[in-house]
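Enquirer:
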Amino acid sequence: MDLTDNEKVKCASYCLMDDARIWWEEIELSRDIMNTDEFNNFHQGNLSVTEAVKRFNQLARLCPHMVPNEQERLRRMIGMLKSEIAVIVDSGTAPPTTTAECVKCALRAEYHLNKQKESQTRQNEVPKNNNNNQNRGNFRNQGKSQGGQWNNNKRKGNFSNQRNHNNRQGGGQPAKQVRNIPPCSKCGKLHLGECRMGTNLCYGCGHEGHLFKDCPNKNYQPFQQRQQRNPLAQLHSMHAALDGPHISQG
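First residue of the sequence shown? That's -5 in my numbering, and the numbers climb one at a time after it.
(1) Determine contact between the segment 83 to 98 and the segment 62 to 69, defined as no fewer than three beta-carbon pairs at a distance below 8 angstroms.
(2) Tell me whether residue 197 is buried or exposed, calling it buried when 16 or more other Cβ atoms sit within 10 Å of its Cβ.
(3) Using alpha carbons as the reference points, say which of 77, 76, 78 and 99 lies closest to residue 87.
(4) Do the segment 38 to 50 and the segment 66 to 82 make contact, defined as three or more Cβ pairs closer than 8 angstroms?
(5) Determine the direct distance from the alpha carbon of residue 58 to that of residue 96, and round the result to whole angstroms.
(6) Checking 8 angstroms against the spacing of the C-beta atoms, do residue 54 and residue 83 come in under that value?
(7) Classify residue 6 as buried or exposed, calling it buried when 16 or more other Cβ atoms lie within 10 Å of its own Cβ.
(8) Is it buried or exposed, residue 80, if we count other Cβ atoms within 10 angstroms and call 16 or more buried?
(9) Measuring straight from C-alpha to C-alpha, what distance separates residue 11 and residue 17?
(10) Taking the alpha carbon of residue 192 as the point to measure from, which residue in 51, 184 and 180 has its own alpha carbon closest?
(11) Assuming contact is defined by CB atoms lying nearer than 8 angstroms, are residue 199 and residue 189 in contact in what I supplied?
(12) Could you check the C-alpha separation between residue 60 and residue 117 for me, to the nearest Å?
(13) What do you reckon, are the CB atoms on residue 202 and residue 194 nearer than 8 angstroms?
(14) Check the C-beta distance from residue 101 over to residue 43 and give it rounded, since I have them as a contact under 8 angstroms.
(15) For residue 195, write down the residues that DSSP places opposite it in a beta bridge.
(16) Suppose contacts are defined by Cβ-Cβ distances below 8 angstroms. Is residue 29 in contact with residue 56 by that definition?
(17) When burial is assigned at 16 or more other CB atoms within 10 Å of the CB, is residue 68 buried or exposed?
(18) I need the DSSP call for residue 37, collapsed to helix, strand or coil.
(19) Ends of the alpha helix (DSSP H) at residue 71?
(20) Return the CA-CA distance between residue 38 and residue 110, expressed in angstroms with no decimal places.
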């Protein structure tokens, strides 16, 4: 005779006697209590409708006393579904009257809710992509702005270096610097300091008694160095050498 595993267990339990029989009855009682507690607290949770209905039917077979008729079975099935699915199933114009109808309504509700969530997810992803593109655009613009500023600073630096270079070159050209000196109102020459025209002072050393061309100090090395370091003084001395014979110095 072919028997299922459950049937074999039942047949074997009838052969138990005395203490073994008492032990088996306690095992069955504790198992029934656990199944009853699980059935009372069972909810769909993260399970799909198909998975939840499968487990519900298993518990209903283990606890037949808790679902004595179709109405009680239907009530418990709707109660174990997710709240958003249970509301759709139980609040329609034609609520289900059997567990089979309840399963069909629950599957349709689950399908539409999943579609709605997918659509909402796609809509939320669009602004994120736009924000990322905007951030990349701002970064590129910032890079261009910094690059332009660097080029401007570079051009300014080149201009400043060129100007300094020109100034250094102009240091050896006293004629360019003299252009900015106004003519002397007394002698009409270009020079700085007090005009010595009409005095007996040497245009070179500033002493009396001789002209610049006869100045005994004109070959004096420190004086020549001062003349070389001061282009304006050198130019003044040149004018003095040219005009010296025409100036009375005593």
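Backbone N, C-alpha and C fix where the C-beta goes; we use that ideal spot for every residue, glycine too.
Expert: The short version:
(1) Contact holds: three or more Cβ-Cβ distances are below 8 angstroms.
(2) As a first step, residue 197 must be located in the sequence shown, where it is residue number 203. Counting of Cβ neighbours within 10 angstroms places residue 197 among the buried residues, the total reaching 16 or more.
(3) Within the sequence shown, the letter at position 93 stands for residue 87. With distances taken between Cα atoms, residue 87 lies closest to 99.
(4) yes
(5) On the sequence shown, residue 96 is found 102 positions in, with the first residue counted as 1. On the sequence shown, residue 58 is found 64 positions in, with the first residue counted as 1. Taking the straight line from one Cα to the other gives about 19 angstroms.
(6) Locating residue 54 in the sequence shown gives position 60, where the first residue counts as 1. Locating residue 83 in the sequence shown gives position 89, where the first residue counts as 1. In this structure, residue 54 sits away from residue 83, with a CB-CB distance that is not shorter than 8 angstroms.
(7) On the sequence shown, residue 6 is found 12 positions in, with the first residue counted as 1. Counting Cβ neighbours within 10 Å, residue 6 comes out exposed, since fewer than 16 surround it.
(8) For the purposes of this step, residue 80 is identified with residue 86 of the sequence shown, where counting begins at 1. By the neighbour-count rule (16 or more Cβ atoms within 10 Å), residue 80 is buried.
(9) In the sequence shown, the residue the question calls residue 11 occupies position 17. In the sequence shown, the residue the question calls residue 17 occupies position 23. Answer to the nearest angstrom: the Cα atoms are 10 angstroms apart.
(10) Working through the sequence shown from its first residue, we reach residue 192 at position 198. Out of 51, 184 and 180, 180 has the C-alpha closest to the C-alpha of residue 192.
(11) By one-based count along the sequence shown, residue 199 stands at place 205. By one-based count along the sequence shown, residue 189 stands at place 195. No; because the gap between Cβ atoms is not below 8 angstroms, this pair is not in contact.
(12) Translated into the one-based positions of the sequence shown, residue 60 becomes position 66. Translated into the one-based positions of the sequence shown, residue 117 becomes position 123. Their Cα atoms are separated by approximately 45 angstroms.
(13) The residue labelled residue 202 in the question sits at position 208 within the sequence shown. The residue labelled residue 194 in the question sits at position 200 within the sequence shown. Yes.
(14) In the sequence shown, residue 101 corresponds to position 107, counting from 1. In the sequence shown, residue 43 corresponds to position 49, counting from 1. That belief holds up - the Cβ atoms of residue 101 and residue 43 are roughly 5 angstroms apart, short of 8 angstroms.
(15) Looking up residue 195 in the sequence shown gives position 201. DSSP, once it has assigned bridges, lists 202 as partnering residue 195.
(16) In the sequence shown, residue 29 corresponds to position 35, counting from 1. In the sequence shown, residue 56 corresponds to position 62, counting from 1. Yes. Within cutoff.
(17) What you label residue 68 is simply residue 74 of the sequence shown in a count that begins at 1. With 16 or more other Cβ atoms within 10 Å, it is buried.
(18) Translated into positions along the sequence shown, residue 37 becomes position 43. Residue 37 falls in the coil class under three-state DSSP.
(19) As a first step, residue 71 is located in the sequence shown; it is residue number 77 there, counting from the start. Element bounds for residue 71: 64 to 74.
(20) For the purposes of this step, residue 38 is taken as the residue at position 44 of the sequence shown. For the purposes of this step, residue 110 is taken as the residue at position 116 of the sequence shown. Straight-line Cα distance between these residues: approximately 20 angstroms.
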